[in-house]
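Chains A and B supply the protein sequences, listed in that same order. Take 1 as the starting number for the first sequence in my numbering and just add one per residue. Take 1001 as the starting number for the second sequence in my numbering and just add one per residue. Even glycine gets a Cβ: it sits at the ideal position worked out from N, Cα and C.
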Amino acid sequence: MPSVGQSLPHDSATGHVTGAARYIDDLPRLDRELCVDFVGSPVAAGRIRSLDLTAARRVPGVVCLLTYNDLGGPNHFGPIIPDEPFLAAEEVAYVGQPIVVIAAETVAAARKARELVVVDVEEQKPILSIDDALQASSFIGPERRMVSPGAENDAAFEEALRSAPHTLSGRFFSGGQEQFYFETQAAMSIRGESGDIRVISSTQNTTETQAVVAEALGLGMHEVVCECHRMGGGFGGKETQSAITAVMTALVAQRTGRPARLTLRRGDDMRITGKRHAYQTDYRVAFAKDGRLIAAVLAFYSNGGAFADLSTSVMERTMLHADNAYHVPMLRVTGQVCRTNLPPNTAFRGFGGPQGVAVIESVLEDIAKVVGRDAFDVRRTNLYRDGDDSRNVTHYGQIVRDHVMDETFDRLAASSSYRHRVVKVAEFNAASRTHVKGIAISAIKFGISFTTKFLNQANALVNVYTDGTVQVSTGGTEMGQGLYTKIQQIVADEFGLEPARVRVMATSSEKSNNTSPTAASAGTDLNGMAAIDACRKITDRMRVYAAGLFASAERGLVAAPEHIVIDEGAVWDDRAPSHRLDFGQFCAMARRERVDIGARGFYATPGVDYNRETGRGNPFFYYTTGAAVAEVTIDRFTGELTFDRADLSMDIGRAINPGIDRGQVIGGFIQGVGWVTNEELRYNDAGHLLSTGPTTYKIPNITDTPRVFIVDFIDNPKHQKNVRLSKAVGEPPLMLGVAVWLAAKNALQSLAGDEPVSLSIPATSEELLKRMAALVDQAVPDEAIR
Amino acid sequence: MRDSLIFYVNGSRHEVRGEAAGLTLSDYLRGGEWLRGGCGSLQGDRLCGTKIACAEGDCGACTVLVGKPADNSGSLTYQSIDACIAFVYQMDRRQIVTVEGVQDGPTLSPVQQAMVDCHGSQCGFCTPGFVMALQGLVEESDDNGPLTDDALRLGLSGNLCRCTGYSQILDAGRRLDPERVPSISTRYETAAMLADFATLGDGSVRVNSRDTHQSNGHAPAPPPVDIFLPSTLDELLAHRAKHPDARLISGATDIGVQFNHGRVAPPAIITTQTVSELNRLEVVDSELVIGAATPWSRVEAYAKDAIPAYHAILTRFGSPQVRHAGTLVGNLANASPIADSIPFHYVAQSTLELASVRGRRDIPIEEFYLGYKQLDLRRDEVIVAVRTPLPKENVQLRLYKVSKRRDMDISTVTLAFWLEVEGNFCTAARIAAGGVGPTVVRLPRAEESLIGRPLTLGAMQTAGRIARDEIKPISDVRGGAEYRLQLVQNLFAKCWHEVMGEEAFVGTTP
């Protein structure tokens, strides 16, 4: 029986539930190991006047304090624009920006030293908000533009806007979001006998960590190995920023010769690492009487923080998702990253997609109000239509094909009793004086592939042993998403083995070089295909060898590799199926006959290309799509929101592991719900983050999940590509969380007149109460004394 | 007097002296002695299954079960707590069970197996905490049949997960039938442990960190800690008189957080939960008496039928883990202006019983708070108990806790209404608000506007507007001042609707 399609438990599930699964801080202490800590900038912007390390050095147990002067290489890095110093030299650009690295015998000594380092800074007025940055023209990278085919001509475009029956314009805000991986950023470094460095890191990006450490330390990449056994969550937060702890520990290991480890405390992690970008978007849309979109202008501004990190790439994905699942005949999109004095914002599941999707979904809700149709119908009208040349081309020129979005909408309408519930919600709202309900649907069409072409590659190493067991290594990292389990299933099927005979090894830059981050939802797509390539090289050789083995002149069987079957833990010739060799036995024989039963595989996603300058191309291999209906109840006195029900339907192709994929969909969705409801990053006027732990930063709790929660998958026979005909699933469901926000907006709309209501992300109780109070002057209607 | 702590971890006996006694339980289990200066050696393996994700008792990744001798039943009862905000010195004569200790041999426990089968783990970092919280629910369950959705949601509300969205964890929980899950007690030699505890006796214990600390030149010497576990109130008071700087510890659920943030490191500690006479809950002369060491979970069980309005918000104080450890008196003594319990006790006009070697005195709760975290409590005094008049039938008691997130969140605003109603008339009104100033406050002008008048929506709205003028809240991370003003005003109307009008309906449309 094939393993793919089975809901095998996560390959570490037993380790998870027994506590045996190790994370960085759990690894055994090494001989003479040092504890690492750091001192960060006390201010958001300023110049360092002086640094006094004298008192800190005197603390018993402190081994060294290191600054940028101790780096063996250049003091800058960055995945796209190398504008970020490892350790601040003269300027500081955000609160907590690392300046001094401390190594000590104990945590207590390191902590004490941290208190005693004196950083004298000449404080400058920080730029914190997008508005601040716009005023100061403080930007990262140039403004990017995308203009849909047919919208290039200014006059024609303006005319389309002018002559449309309706237009809407406004400004949309969405806040940032902390990844809140449970295991904070963590790394451990060990210096080898020839000055080489081994970094064990909680990272989504072993290659980048290897490269960054090598650069900072002045080593060749061949002198650095980066390993990642597993992460206690990543969500994008460990795509680039895992470098901070890796470099600190590596620097200590290099300078002292002793092993060094650092697991950030939660408060430090939240203060100094980047998050999902806050956005501000100006929009103007034109639409027909039935709500059909005619033309739109969207100007996105993101809060990039102090350094470039991945911000320009995040913005690119926002712009590529400005349309979401809807065809906008004439669309003009611009995007500008703002440079501010916050930690450099970075990847977070969705990677800019959510910020784009939320705007158009909000606009469609408003359009429905203006034209007096149900928002479901307005959305359905505007969907990309498969096979309709007039309604299937995106603003970047890619054709949206082979999807089932219409069917998803129709099925969801029926399965969620959408029409009936819309009536019930209206009845409830007419009757209730204490609560108000809302219901909404939203969609997702998420492009799968890195929009940076070269990243769409992967390699894999497959070693088959003489007992017929298999080890697989890829550049894909395990952060809980089940990549290892899926690779295990894919490889097991290639050899026709029980999955227990296949083991996925810890990710290491030693086994897989020049790998891409495990990101863009593409971990299984890329690494699974690379693993298959390696497997097929081996099975091809096995077939040639086996053909000779099974050839028999007496029985008239000439050697024929195409007749060799490798399955069910055995090898045979399908013309003589009764004569089977056990797979392990066969592998041992193959080795003795000098057949190579190990191989390296490679994969490069075909057909993806995108020209950043012209804003045209096929950036995506395919799209993962879906939709969700959500219903909420809001307390009119307090603004407290109760999430009553969710119905999700997604096309994720043929699931390699339905149990794992279900977890990805639900987990991603609830993370999206957190972004649009209660997750709020609060800073003070000086740029200090106030919400620095779970006490003040509220990710969804179990009691925030809906009582009725129906998750369904829709079959899509048109999807005939990608590894085992699956689709990527990591990021897309997050954006369905927007449905909950839309339901809240829908509820508020029922209190308003004909004007569309404004609402920001996140719709906290405070935000909801403020908007309700503005709508009805005060949240509670005054009534005659009874 | 015994000078060491004795407890069991997964069935192994631990005897702890000196510095290790002052560690958080999670640091101790994970091998934190090494981290803090190599003092002493951990007995047995590092138990790294107990994870630290927040060190604030806010995520539950560090959940362990603590077993203590049940009254006269010859068994241990196990309850979940957050090990990151508990201290080793609270564990004397207890058995601690970690995730490494729930399994019997190579076979996974039913809870573990259900989590595996239902895909209840993704990254796995929070998983040990969920396994322990689920096991704790099973241990505490006295209903027949599988755990209900409500029980699971409430019971797991102290555990956060960032990966799963909880659905598959709920699936795992629904699959468990407590009657078929063996209790932790059956895994360990309970009788032998109880016999050991009995031999040790319930005398007081004193542990001093100076006993073991030897400077090894590798770490700054930690401040010496003098830890006293009295067994009687007299001992406690006598010790208190001699050590006025000592910090009284009951559940440690707040000081644990402050300790981890490096904000407090008390030089001396006196525990209250070792004094059995402080662990009381009884009704005397129609007053509810709650002792200083009575954990929230006991109050919760009592209030369920006796004071439903109190119970309803009480189940949202902290988390199940916090309520197993923390106490009402700890909450009152901690004196946060947003302490969840204070508004109710203001409007109920509770009395605090204080004691010292000099004698006893009673003080009305409102007179106890002098300013921000300032108490009318002399240096040698302790709170012994809280007496609270039970609401009579004509009392409309409504308690509100508004927080950003429904569960496991610190309040933005709290409000308590005690309205005595005869016919349609309000004959007495006491209203208290928290989160709107340096202490919880009564709202006398709003109260006055209601007394002697028909209890109409208009009257309550007017009172709400008056209340708004009686307070001066600040803006902070939990909400803006304007939001707090609006909340206080609106809660008056909300209260009216709940008392006189329609019931609030929350749930999906049929």
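- Cα atoms of A/Tyr23 and A/Tyr181: separation of roughly 13 Å, rounded to the nearest angstrom.
- The DSSP-derived three-state label of B/Asp1340 is coil.
- Nearest C-alpha to B/Arg1453 among B/Thr1272, B/Gly1479, B/Leu1419: B/Leu1419.
- The Cβ neighbour count for A/Glu613, taken over all protein chains shown within 10 Å, is under 16; the residue is labelled exposed.
- Within the DSSP bridge table, the entry for B/Phe1425 names B/Glu1422, B/Pro1454 as partners.
- Counting only residues of its own chain and dropping the five nearest sequence neighbours on each side, B/Val1225 has a CB closer than 6 Å to the CB of Gly1022, Ser1209.
- Under DSSP, the beta-bridge partners assigned to A/His435 are A/Asp635.
- Within the DSSP bridge table, the entry for A/Trp572 names A/Val565, A/Arg580 as partners.
- The way I'd put it, the segment 714 to 727 of chain A does touch the segment 653 to 661 of chain A; three or more beta-carbon pairs between them come closer than 8 Å.
- Within the segment 1 to 12 of chain A, Ser7, Pro9, His10, Ser12 place their CB atoms closer than 8 Å to a CB of chain B, listed in sequence order.
- Membership of B/Tyr1310 in any beta strand (DSSP E) is not indicated; the residue belongs instead to the alpha helix (DSSP H) covering 1308 to 1314.
- Looking from the CA of A/Phe172, the closest CA among A/Arg258, A/Ala322, A/Asp25 belongs to A/Ala322.
- Neighbours of B/Arg1263 across chain A, judged by C-beta separation under 9 Å, do not exist; the nearest C-beta is about 12 Å away.
- Counting only runs of 4 or more residues that sit fully inside the segment 1091 to 1164 of chain B, the alpha helix (DSSP H) segments are 1110 to 1117, 1127 to 1140, 1149 to 1155, in chain order.
- Using beta-carbon distances, B/Gly1022 does not count as an interface residue toward chain A, since no partner is under 8 Å.
- The straight-line gap separating the alpha-carbon atoms of B/Glu1139 and B/Ser1183 is approximately 6 Å.
- With respect to the 8 Å criterion, A/Gly40 and A/Glu123 are not classified as neighbours on the basis of their beta carbons.
- Taking CB atoms only, A/Pro732 has no neighbour in chain B less than 8 Å away.
- Counted as a single uninterrupted DSSP element, the alpha helix (DSSP H) harbouring B/Glu1498 occupies residues 1481 to 1500.
- For A/Arg591, DSSP assigns no beta-bridge partner whatsoever.
- Cβ atoms of A/Ala763 and A/Ala744 come within 8 Å of each other, at about 5 Å.
- Taking C-alpha positions only, A/Glu766 is separated from B/Gly1479 by approximately 7 Å.
- With fewer than 16 neighbouring CB atoms inside 10 Å of its own CB, A/Asp596 falls in the exposed class.
- In the DSSP assignment, B/His1014 falls within the beta strand (DSSP E) that extends over 1012 to 1016.
- Between B/Arg1398 and chain A, the shortest Cβ-Cβ separation is not below 8 Å.
- DSSP assignment within the segment 1374 to 1417 of chain B yields no whole alpha helix (DSSP H) run of 4 residues or more.
- For A/Asn429, no Cβ of chain B is located within less than 8 Å of the residue's own Cβ.
- DSSP places A/Glu478 in no beta strand (DSSP E); its state is neither H nor E.
- Close to A/His16, with beta-carbon spacing below 7 Å, are these residues of chain B in chain order: Ser1121, Gly1124, Thr1127.
- Your pair A/Val738 and A/Leu748 does not check out as a contact, with CB atoms roughly 15 Å apart and the cut at 8 Å.
- Legend: CB atoms of the segment 1406 to 1417 of chain B lying less than 9 Å from CB atoms of chain A belong to residues Arg1406, Asp1407, Met1408, Asp1409, Ile1410, Thr1412, Val1413.
- The C-beta of A/Lys112 has 16 or more other C-beta atoms within 10 Å across all chains shown, which makes the residue buried.
- Counting C-beta pairs with one atom in each stretch, the segment 1258 to 1276 of chain B and the segment 1385 to 1396 of chain B have fewer than three that are closer than 8 Å, which means they do not touch.
- The Cβ neighbour count for A/Arg258, taken over all protein chains shown within 10 Å, is at least 16; the residue is labelled buried.
- Contact annotation: A/Asn701 and B/Met1408 have beta-carbon atoms nearer than 8 Å.
- Here A/Thr312 has Ile80, Ile140, Gly141, Val337 as same chain residues with Cβ atoms under 7 Å from its own Cβ, once five neighbours each way along the sequence are excluded.
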